[in-house]
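Protein chains: 2
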Amino acid sequence: METIGVIGLGKMGKPIARHMLNAGYRVVVHNRSQGPVEELVAAGAARASTPREVASRCNVVITSLPDAPTVEAVCLGSNGIRDGATEGSILIDTSTNHPETSRRIASSLRECGIDALDAPVSGGEPGAIAGTLSIMVGGDEDAFQRATPILEKFGRTITYMGPPGSGQLTKLANQIIVALNYAAMGEGLVLGAKAGLDPEKLLRVFLGGQAQSRCLELKGEKVINGNYEPGGRLTLHIKDLQYALETAKSYGVPLLFTSLVQQCFEATKAAGRGDWDHSAVITLLEDLAGTKIRKR
Amino acid sequence: METIGVIGLGKMGKPIARHMLNAGYRVVVHNRSQGPVEELVAAGAARASTPREVASRCNVVITSLPDAPTVEAVCLGSNGIRDGATEGSILIDTSTNHPETSRRIASSLRECGIDALDAPVSGGEPGAIAGTLSIMVGGDEDAFQRATPILEKFGRTITYMGPPGSGQLTKLANQIIVALNYAAMGEGLVLGAKAGLDPEKLLRVFLGGQAQSRCLELKGEKVINGNYEPGGRLTLHIKDLQYALETAKSYGVPLLFTSLVQQCFEATKAAGRGDWDHSAVITLLEDLAGTKIRKR
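Chains as they are written, first to last, in the numbering used here: chain A, 364 to 659; chain B, 364 to 659.
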């Protein structure tokens, strides 16, 4: 039985570590703040003081970190995974990372005989807790096959997308669509609300027809209640859109709508709502229109 | 039993007229071109040579017409519905019309004792044929109650939205969301395709997670096959977006994303694709990126 390391015990990493424990793996955890470490140690995990130590004690290391610089430091920095890992081990990075960074990490770890999979997830904290995440995987296909039994412990839809970076590219494309579907529902609801229509009736009509989207299903009722508790934080989605636009530029793909929605996400953050749910871009559209989409 | 008039026997009007016949109503039809009239006469309908004549022979008149000027001419012009209708009759306008025009028609017909409902539909030709359209209704609520048994013959989700114009406002908000959901899936798929990912795998991932939308379900596979057979024609959706932007302006609602998507719809039409499906805005995004989203 493998020993599994989990580095980064936030909203996603903590439930993933619990699934590893529940599946009967030996689990070694590391996190900057110690609260979640204590929780998992109480549940049976061992603690390690550096990513290097995690890697030296595990054949599989799962990372769940906020952004590309953090992932790169944890993987390739001093006292990082590269320094501790043994040949034949696997890194599974579930963070939403820059595809270029994922490729660099994969290539650097490959030289030490370590396989790196970029395996970003969709489904949020509820999906992580339920173990029903959608996982998009890039990297060596053999390594993907070896990692699949572990991925299946926290994911339901697991898709191999291609060489290193392909998982991240898929996630970024996904995040573009999610951001724009929020903007779409925002403009539809704001126009209707300002024109005096009942937002709950509007929502019902949209959900019953071609305007339906998962974003509308998950957030429509919350928007009408002015509830922007995160969920996925706006600042993290801004990071995703930044990576998407940089990546698109490198491929020669102009993204008119993504550029506009990124500016609107930035403006929403500038208005002090960076820690709200990412659907809070809709509050910017409300501000522009001088109205609120609210239950009658 | 009422006699039902149907004016405008296009993709939507013709199946609606058939549902009226199948439900056992006496049906009187009028259309500019005579082909669909002959079909319906063969199926048991009577023919009338003007909207006025239709109105004079029916207690309920259903219109299904391409744009606001046509609806206004048919309702209020010479030899129009107003000239022929008798007190107590009902107009059900299923066209996507300008809310302002719907209000003007309702107010003008009200003076003659005729109730006008704006009742635009969503669900396209397949929904019209199956009798499962979503119908959004504005107008007098009593008239809505009286018309409901007729609406139920071709609609499944029937929602009363409020005073005259409310049905149209709802439809325009719906069309904003649909247009932007196409743009969203277009940018996500174009980025992925140009970066070398398999569009079919991308589609599967999107549909399994938070990027899911009815637009992606209905059109994703077609886009990957380069199939832009209409469906709803692009030029008609441009008209809807124009009405949406004019209406938004009158309410003081700036619509950043809708403005951009309308410009992109216009550019797609300028490229000679006005008669393609409205999802063809995605071909413009392909052109901008110099790539095609195609099956491998």
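C-beta atoms are modelled at their ideal positions from N, C-alpha and C, and glycine is treated no differently.
If you're wondering where the values come from, they're calculated on a predicted model, not measured in any experiment.
Task: Cβ of Asn-537/B within 9 Å of any chain A Cβ - done: yes
Task: 9 Å Cβ cutoff, Leu-579/A in contact with chain B - done: yes
- [ ] May I have a chain-ordered list of the alpha helix (DSSP H) segments no shorter than 4 residues that lie completely inside the segment 527-606 of chain A?
- [x] 529-557, 562-570 and 577-587
Task: Distance, Gly-637/A Cα to Val-424/A Cα - done: 30 Å
TODO: Could you say which of Leu-618/A, Ile-601/A and Lys-658/A lies nearest to Ala-633/A if we only look at CA atoms?
DONE: Ile-601/A
Open item on the list: I need the DSSP call for Ile-645/A, collapsed to helix, strand or coil.
Closed with: helix
- [ ] Return the residue from the list Ala-409/B, Leu-514/B, Asp-481/B and Ala-510/B that minimises the CA-CA distance to Leu-496/B.
- [x] Leu-514/B
- [ ] Take Gly-594/A as the anchor and find which of Val-500/A, His-641/A and Gly-502/A has the nearest alpha-carbon.
- [x] His-641/A
Task: Euclidean distance between Cα positions of Arg-659/A and Gln-531/A - done: Rounded to whole angstroms, Arg-659/A to Gln-531/A spans 41 Å at the Cα level.
Task: Neighbour flag for Asn-544/B against chain A, beta carbons, 9 Å - done: yes
- [ ] Select from Met-383/B, Arg-415/B and Arg-420/B the residue whose C-alpha is nearest the C-alpha of Leu-403/B.
- [x] Cα-wise, what sits closest to Leu-403/B is Met-383/B.
- [ ] Would you please verify whether the beta carbon of Thr-520/B is less than 9 Å from any beta carbon of chain A?
- [x] yes
Task: Closest Cα partner of Asn-442/B within the set Ala-431/B, Thr-449/B, Val-417/B and Pro-432/B - done: Distances from the alpha-carbon of Asn-442/B to those of Ala-431/B, Thr-449/B, Val-417/B and Pro-432/B put Val-417/B closest.
Open item on the list: Between which two residues does the beta strand (DSSP E) holding Met-383/B run?
Closed with: Not the beta strand (DSSP E): Met-383/B falls in the alpha helix (DSSP H), residues 376-385.
TODO: Have a look at Gly-373/A, Gly-387/A, Ala-652/A and Leu-618/A and flag the residue whose alpha-carbon is nearest the alpha-carbon of Lys-516/A.
DONE: Gly-387/A
TODO: Output, in chain order, the set of chain B residues within a Cβ distance shorter than 9 Å of Lys-374/A.
DONE: The contacting residues do not exist; Lys-374/A stays about 15 Å from chain B at best.
Open item on the list: Just checking: is the beta-carbon of Tyr-614/B within a distance shorter than 9 Å of some beta-carbon in chain A?
Closed with: yes
- [ ] Answer with buried or exposed for Thr-449/A, where buried requires no fewer than 16 other C-beta atoms within 10 angstroms of its C-beta.
- [x] exposed
TODO: Would you list the residues sitting across from Ala-479/B in a DSSP beta bridge?
DONE: Leu-454/B
- [ ] Would you tell me roughly how many angstroms separate the C-alpha atoms of Ser-470/B and Lys-374/A, rounded to the nearest one?
- [x] 56 Å
- [ ] Measure from the C-beta of Phe-569/B to each C-beta in chain A and report whether the shortest distance is under 9 Å.
- [x] yes
Task: Sequence-distant residues of its chain with Cβ nearer than 6 Å to Ile-337/B (five each side left out) - done: This structure leaves residue 337/B out entirely; chain B is present only between 364 and 659.
TODO: Check whether the Cβ of Asp-561/B lies closer than 9 Å to any Cβ atom in chain A.
DONE: yes
TODO: Can you give me the Cβ contacts of Ala-630/A inside the same chain, cut-off strictly under 8 Å, excluding the 5 residues immediately before and after it?
DONE: Leu-647
Task: Any chain A beta carbon closer than 9 Å to Ala-652/B - done: yes
Open item on the list: So, for Lys-534/A: in the same chain, excluding its five sequence neighbours on each side, which residues have a beta-carbon less than 6 Å away from its beta-carbon?
Closed with: Thr-459, Pro-483 and Met-499
Open item on the list: Does Ser-497/B come out as helix, strand or coil in the three-state DSSP assignment?
Closed with: strand
Task: Start-to-end residues for the beta strand (DSSP E) that takes in Arg-395/B - done: Where Arg-395/B is concerned, there is no enclosing beta strand (DSSP E), given that its DSSP letter is neither H nor E.
Open item on the list: Run through chain B and tell me which residues come within less than 9 Å of Phe-507/A, C-beta to C-beta.
Closed with: Result: empty, since nearest Cβ-Cβ is about 13 Å, beyond 9 Å.
Task: Per-residue burial, Asp-481/B [other beta carbons within 10 Å of its own, 16 or more giving buried] - done: Under this definition Asp-481/B is a buried residue.
Task: Straight-line Cα distance separating Thr-426/B from Thr-457/A - done: For Thr-457/A and Thr-426/B, the gap between their C-alpha atoms comes out near 54 Å.
- [ ] Report yes if the CB atom of Met-548/A is closer than 9 Å to the CB atom of Leu-565/B, and no otherwise.
- [x] no
Open item on the list: Can you pull the chain B neighbours of Pro-617/A, defined as C-beta to C-beta under 8 Å?
Closed with: Neighbours of Pro-617/A on chain B, chain order: Leu-651 and Ala-652.
- [ ] Would you please state the rounded distance, in angstroms, between the beta carbons of Val-553/A and Thr-654/A? I believe it to be under 8 Å.
- [x] 6 Å
Task: Endpoints, alpha helix (DSSP H) assigned at Gly-447/A - done: Residue range 444-447 is occupied by the alpha helix (DSSP H) that includes Gly-447/A.
Open item on the list: Under DSSP, the alpha helix (DSSP H) around Arg-509/A begins and ends at which residues?
Closed with: 504-514
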